Amino acid sequence: MNLLVVSQCELLISLLDELLKNTKVKMKVIKSTFEFDDAYTYTARSDSFAFIIDIQSFQGEDEIDWIHFKRISRNTVLLVDTKYQNPEEILKVQQAVIYLSNPLLSIGNINSNKPKNEMKNDKNSLDLYLNDEVKFDVFDLCIVKNGEKIPLTNLETKILLFLYKNLNKVIETDVLMEKLELSTITSLYVHIKNLRNKIEKNPKSPGILRTANKKGYMLLINP
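If you want my numbering, it's the position in the sequence shown, counting the first as 1, plus 907.
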(Lines of atoms letter the chains of each structure in order from A and count residues from 1; the text may use other names and numbers.)
(Lines give C-alpha, C1' and ligand atoms only; values in the text may rest on other atoms or scores of the structure.)
Protein backbone atom coordinates (compact mmCIF):
# COMPACT_ATOMS: atom_id res chain seq x y z
CA MET A 1 0.00 0.00 0.00
CA ASN A 2 1.20 3.51 -0.87
CA LEU A 3 -0.05 6.59 0.99
CA LEU A 4 0.17 10.06 -0.51
CA VAL A 5 -0.15 12.87 2.04
CA VAL A 6 -0.66 16.42 0.78
CA SER A 7 -0.18 18.82 3.69
CA GLN A 8 2.19 21.35 5.22
CA CYS A 9 1.02 20.50 8.76
CA GLU A 10 4.02 19.02 10.57
CA LEU A 11 1.89 17.65 13.41
CA LEU A 12 -0.28 15.66 10.98
CA ILE A 13 2.77 14.39 9.10
CA SER A 14 4.58 13.39 12.30
CA LEU A 15 1.49 11.60 13.59
CA LEU A 16 1.07 9.57 10.39
CA ASP A 17 4.79 8.88 10.16
CA GLU A 18 4.78 7.41 13.66
CA LEU A 19 1.60 5.42 13.12
CA LEU A 20 2.90 3.81 9.94
CA LYS A 21 6.35 3.01 11.25
CA ASN A 22 7.15 -0.71 10.97
CA THR A 23 4.25 -1.30 8.57
CA LYS A 24 4.31 -2.10 4.88
CA VAL A 25 2.74 1.25 4.01
CA LYS A 26 5.03 3.58 2.05
CA MET A 27 4.20 7.22 2.72
CA LYS A 28 5.03 10.07 0.35
CA VAL A 29 4.55 13.64 1.57
CA ILE A 30 3.93 16.58 -0.74
CA LYS A 31 4.15 20.01 0.88
CA SER A 32 4.22 22.09 -2.27
CA THR A 33 1.20 23.02 -4.40
CA PHE A 34 -0.51 19.85 -5.56
CA GLU A 35 -2.62 20.17 -8.68
CA PHE A 36 -5.81 18.17 -8.82
CA ASP A 37 -4.83 16.55 -12.12
CA ASP A 38 -1.66 15.18 -10.49
CA ALA A 39 -3.80 12.75 -8.51
CA TYR A 40 -4.65 10.84 -11.67
CA THR A 41 -0.94 10.27 -12.25
CA TYR A 42 -0.79 8.29 -9.02
CA THR A 43 -4.09 6.45 -9.51
CA ALA A 44 -2.98 5.40 -12.98
CA ARG A 45 0.03 3.65 -11.46
CA SER A 46 -1.90 1.51 -9.01
CA ASP A 47 -5.19 1.09 -7.17
CA SER A 48 -3.14 0.62 -4.01
CA PHE A 49 -2.60 4.37 -3.60
CA ALA A 50 -4.49 6.03 -0.75
CA PHE A 51 -4.72 9.78 -0.26
CA ILE A 52 -4.85 12.00 2.82
CA ILE A 53 -5.42 15.54 1.61
CA ASP A 54 -5.30 18.63 3.82
CA ILE A 55 -7.98 20.98 2.48
CA GLN A 56 -5.79 23.90 3.57
CA SER A 57 -3.74 23.01 0.48
CA PHE A 58 -6.70 23.68 -1.82
CA GLN A 59 -6.81 26.62 -4.19
CA GLY A 60 -9.88 28.14 -5.80
CA GLU A 61 -12.37 25.45 -6.76
CA ASP A 62 -10.07 22.57 -5.80
CA GLU A 63 -12.34 21.50 -2.95
CA ILE A 64 -15.22 20.78 -5.32
CA ASP A 65 -12.89 18.79 -7.61
CA TRP A 66 -11.48 16.76 -4.72
CA ILE A 67 -14.91 15.97 -3.30
CA HIS A 68 -15.93 14.72 -6.76
CA PHE A 69 -12.68 12.74 -7.05
CA LYS A 70 -13.34 11.16 -3.65
CA ARG A 71 -16.79 10.03 -4.77
CA ILE A 72 -15.73 8.42 -8.06
CA SER A 73 -12.27 7.15 -7.19
CA ARG A 74 -11.52 3.48 -6.54
CA ASN A 75 -8.77 4.74 -4.23
CA THR A 76 -9.22 5.59 -0.56
CA VAL A 77 -9.37 9.40 -0.15
CA LEU A 78 -9.45 11.12 3.25
CA LEU A 79 -9.93 14.89 3.37
CA VAL A 80 -8.85 16.63 6.59
CA ASP A 81 -8.81 20.22 7.74
CA THR A 82 -5.78 21.29 9.79
CA LYS A 83 -6.94 24.85 10.36
CA TYR A 84 -7.30 24.41 14.10
CA GLN A 85 -9.08 27.00 16.21
CA ASN A 86 -8.56 25.50 19.66
CA PRO A 87 -7.02 22.44 21.38
CA GLU A 88 -10.33 20.55 21.29
CA GLU A 89 -10.43 20.75 17.50
CA ILE A 90 -6.82 19.57 17.28
CA LEU A 91 -7.63 16.47 19.33
CA LYS A 92 -10.77 15.71 17.31
CA VAL A 93 -8.95 15.91 13.97
CA GLN A 94 -6.02 13.82 15.19
CA GLN A 95 -8.26 11.14 16.65
CA ALA A 96 -10.30 11.05 13.44
CA VAL A 97 -7.15 10.59 11.37
CA ILE A 98 -6.00 7.75 13.64
CA TYR A 99 -9.40 6.04 13.51
CA LEU A 100 -9.78 6.37 9.75
CA SER A 101 -6.20 5.21 9.18
CA ASN A 102 -6.86 1.86 10.88
CA PRO A 103 -7.35 0.03 7.53
CA LEU A 104 -3.82 1.13 6.59
CA LEU A 105 -2.45 0.03 9.95
CA SER A 106 -3.93 -3.42 9.53
CA ILE A 107 -1.64 -4.01 6.56
CA GLY A 108 1.40 -3.94 8.80
CA ASN A 109 1.97 -4.62 12.46
CA ILE A 110 2.96 -1.38 14.20
CA ASN A 111 4.16 -3.26 17.26
CA SER A 112 5.69 -6.26 15.50
CA ASN A 113 8.32 -6.67 18.21
CA LYS A 114 5.85 -6.82 21.10
CA PRO A 115 4.44 -10.04 22.55
CA LYS A 116 1.11 -11.09 21.07
CA ASN A 117 -0.64 -10.70 24.42
CA GLU A 118 0.10 -6.95 24.23
CA MET A 119 -1.74 -6.66 20.91
CA LYS A 120 -5.30 -7.44 21.93
CA ASN A 121 -6.90 -4.83 19.70
CA ASP A 122 -6.19 -2.00 17.26
CA LYS A 123 -6.12 0.62 20.02
CA ASN A 124 -3.33 -1.21 21.87
CA SER A 125 -1.33 -1.23 18.66
CA LEU A 126 -1.16 2.56 18.95
CA ASP A 127 0.52 2.50 22.37
CA LEU A 128 4.17 3.61 22.40
CA TYR A 129 5.92 2.24 25.47
CA LEU A 130 8.39 4.62 27.13
CA ASN A 131 9.26 2.05 29.80
CA ASP A 132 7.56 -0.84 31.61
CA GLU A 133 5.35 1.52 33.61
CA VAL A 134 4.73 4.42 31.22
CA LYS A 135 3.17 4.42 27.77
CA PHE A 136 2.16 7.08 25.27
CA ASP A 137 -1.42 6.37 24.16
CA VAL A 138 -1.44 7.89 20.66
CA PHE A 139 -5.17 7.34 20.14
CA ASP A 140 -6.25 9.21 23.27
CA LEU A 141 -3.25 11.59 23.16
CA CYS A 142 -2.32 10.99 26.76
CA ILE A 143 0.29 9.39 29.00
CA VAL A 144 -0.73 6.30 30.95
CA LYS A 145 1.34 6.02 34.13
CA ASN A 146 0.50 3.69 36.99
CA GLY A 147 -2.95 3.18 35.49
CA GLU A 148 -3.68 6.93 35.41
CA LYS A 149 -4.38 8.77 32.17
CA ILE A 150 -2.61 12.13 31.96
CA PRO A 151 -3.73 14.36 29.04
CA LEU A 152 -1.10 15.89 26.76
CA THR A 153 -1.18 19.32 25.19
CA ASN A 154 -0.71 19.80 21.46
CA LEU A 155 2.95 20.81 21.84
CA GLU A 156 3.71 18.01 24.29
CA THR A 157 2.28 15.53 21.79
CA LYS A 158 4.39 17.01 19.03
CA ILE A 159 7.56 16.84 21.18
CA LEU A 160 6.96 13.18 22.00
CA LEU A 161 6.19 12.18 18.42
CA PHE A 162 9.26 13.96 17.05
CA LEU A 163 11.60 12.58 19.70
CA TYR A 164 10.12 9.09 19.35
CA LYS A 165 10.72 9.28 15.62
CA ASN A 166 14.37 9.99 16.46
CA LEU A 167 14.55 7.51 19.31
CA ASN A 168 17.79 7.49 21.34
CA LYS A 169 19.20 10.30 19.18
CA VAL A 170 20.16 13.77 20.38
CA ILE A 171 17.97 16.53 18.91
CA GLU A 172 19.62 19.91 19.26
CA THR A 173 17.64 22.65 20.97
CA ASP A 174 17.44 24.92 17.93
CA VAL A 175 16.16 22.07 15.75
CA LEU A 176 13.47 21.24 18.29
CA MET A 177 12.47 24.89 18.64
CA GLU A 178 12.14 25.21 14.86
CA LYS A 179 10.08 22.03 14.69
CA LEU A 180 7.74 23.33 17.41
CA GLU A 181 7.70 26.86 15.99
CA LEU A 182 8.79 28.36 19.31
CA SER A 183 10.39 31.79 19.41
CA THR A 184 12.07 31.60 22.83
CA ILE A 185 14.08 28.90 24.56
CA THR A 186 12.21 29.68 27.78
CA SER A 187 9.01 28.36 26.20
CA LEU A 188 10.78 25.13 25.28
CA TYR A 189 12.06 24.71 28.84
CA VAL A 190 8.51 25.09 30.18
CA HIS A 191 7.10 22.45 27.80
CA ILE A 192 9.95 20.03 28.53
CA LYS A 193 9.46 20.51 32.28
CA ASN A 194 5.71 19.90 32.04
CA LEU A 195 6.26 16.83 29.88
CA ARG A 196 8.77 15.40 32.33
CA ASN A 197 6.29 15.87 35.15
CA LYS A 198 3.91 13.63 33.20
CA ILE A 199 6.24 10.85 32.03
CA GLU A 200 9.07 10.65 34.56
CA LYS A 201 9.11 8.80 37.86
CA ASN A 202 11.41 11.52 39.18
CA PRO A 203 11.20 14.65 36.97
CA LYS A 204 14.25 16.18 38.69
CA SER A 205 16.34 13.19 37.62
CA PRO A 206 14.83 12.22 34.26
CA GLY A 207 15.50 8.77 32.87
CA ILE A 208 13.37 8.97 29.70
CA LEU A 209 13.45 12.55 28.41
CA ARG A 210 17.11 13.37 28.87
CA THR A 211 19.14 16.56 28.44
CA ALA A 212 22.14 15.76 26.25
CA ASN A 213 25.34 17.68 27.00
CA LYS A 214 23.29 20.87 27.41
CA LYS A 215 22.94 20.92 23.61
CA GLY A 216 19.57 19.29 23.19
CA TYR A 217 17.25 16.49 24.22
CA MET A 218 16.76 12.81 23.56
CA LEU A 219 14.13 10.21 24.30
CA LEU A 220 16.07 7.34 25.86
CA ILE A 221 14.23 4.02 25.69
CA ASN A 222 15.97 0.71 26.23
CA PRO A 223 14.98 -2.05 23.78
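In this text, a Cβ means the ideal position worked out from N, Cα and C, and glycines have one as well. This one's a predicted model, so the numbers in the text were calculated from it and none came from an experiment.
Own chain residues within Cβ distance below 7 Å of residue i, not counting five before or after
{"i": "residue 924", "result": "934 and 1072"}
{"i": "residue 1037", "result": "1043, 1106, 1115 and 1128"}
{"i": "residue 1103", "result": "1110, 1113 and 1116"}
{"i": "residue 1035", "result": "1042, 1043, 1045 and 1071"}
{"i": "residue 936", "result": "912 and 920"}
Under the three-state DSSP convention, the category residue i falls into
{"i": "residue 1056", "result": "strand"}
{"i": "residue 1063", "result": "helix"}
{"i": "residue 985", "result": "strand"}
{"i": "residue 1070", "result": "helix"}
{"i": "residue 1026", "result": "Low per-residue confidence applies at residue 1026: pLDDT is 37, beneath 50, and the placement is therefore not dependable enough to give any value."}
{"i": "residue 1128", "result": "coil"}
{"i": "residue 962", "result": "helix"}
{"i": "residue 1078", "result": "strand"}
Residues of its chain near residue i, where Cβ-Cβ distance is below 8 Å and the 5 sequence neighbours each way are ignored
{"i": "residue 1124", "result": "1070, 1077, 1078, 1080, 1083, 1099, 1116, 1117 and 1118"}
{"i": "residue 1075", "result": "1125, 1126, 1127 and 1128"}
{"i": "residue 1066", "result": "1083, 1087, 1098, 1099 and 1102"}
{"i": "residue 1092", "result": "1080 and 1084"}
Between the CA atoms of residue j and residue i - distance to the nearest angstrom
{"i": "residue 1121", "j": "residue 964", "result": "38 Å"}
{"i": "residue 917", "j": "residue 962", "result": "15 Å"}
{"i": "residue 1044", "j": "residue 1056", "result": "9 Å"}
{"i": "residue 939", "j": "residue 915", "result": "8 Å"}
{"i": "residue 1096", "j": "residue 1090", "result": "12 Å"}
{"i": "residue 1110", "j": "residue 985", "result": "40 Å"}
{"i": "residue 1060", "j": "residue 1094", "result": "14 Å"}
{"i": "residue 1024", "j": "residue 1047", "result": "Note that residue 1024 scores 42 on pLDDT, short of 50, meaning its location in the model is unreliable and no value can be drawn from it."}
{"i": "residue 990", "j": "residue 1088", "result": "16 Å"}
{"i": "residue 957", "j": "residue 910", "result": "5 Å"}
{"i": "residue 932", "j": "residue 982", "result": "15 Å"}
Residues bridged to residue i (per DSSP)
{"i": "residue 909", "result": "933 and 956"}
{"i": "residue 1121", "result": "Beta-bridge pairing links residue 1121 to no other residue."}
{"i": "residue 1041", "result": "1052"}
{"i": "residue 1107", "result": "BP columns for residue 1107 are empty, so no partner."}
Close beta carbons around residue i, own chain, < 6 Å, minus the five adjacent residues each side
{"i": "residue 1041", "result": "1052 and 1106"}
{"i": "residue 988", "result": "962"}
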